[in-house]
Amino acid sequence: QVQLVESGGGLVQPGGSLRLSCTAPGSIFRDYAMGWYRQAPGKQRELAAVITRVGSTTYADSVKGRFTISRDNAKNTIYLQINSLLPEDTAVYYCNARFGVVVLWGQGTQVIVSS
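In the working numbering, the protein residues as written are 4 to 118.
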């Protein structure tokens, strides 16, 4: 079973920052578009940011200017730098890999923004 391994979540105060990481097997990382989705309590899972194999990025309007997605090809890892955290950023953040109709998910990492 393919594993996407996330890390970096936690409890942070409003205005703080976090960096989430997701590592994938090399065969996945090379060929798949990678991204981050999030699911807040009581809400549907939604896109936060996506990065293609060649580094093109897409962001949800709600996170533009505060979230930055990047990839390190040498480490088979993508990152999500989250700045100026808001209480409404509280959610489980899921790593996602997509190739055509094939979609893979990580187990999720919890981010809680609270004072």
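All C-beta atoms in this analysis are idealised placements derived from N, C-alpha and C, irrespective of residue type, glycine included.
- CA-to-CA, the gap between Lys78 and Thr61 works out to about 21 angstroms.
- Straight through space, the alpha carbons of Gly103 and Leu23 are spaced by roughly 25 angstroms.
- Linking Thr26 to Thr80 through their CA atoms gives a straight-line distance of about 4 angstroms.
- Beta-bridge pairing by DSSP links Gly38 to Val53, Asn99.
- Sixteen is the threshold: since fewer than 16 other Cβ atoms of the shown chains lie within 10 Å of the Cβ of Gly68, the residue is exposed.
- Under DSSP, no beta-bridge partner is assigned to Gly68.
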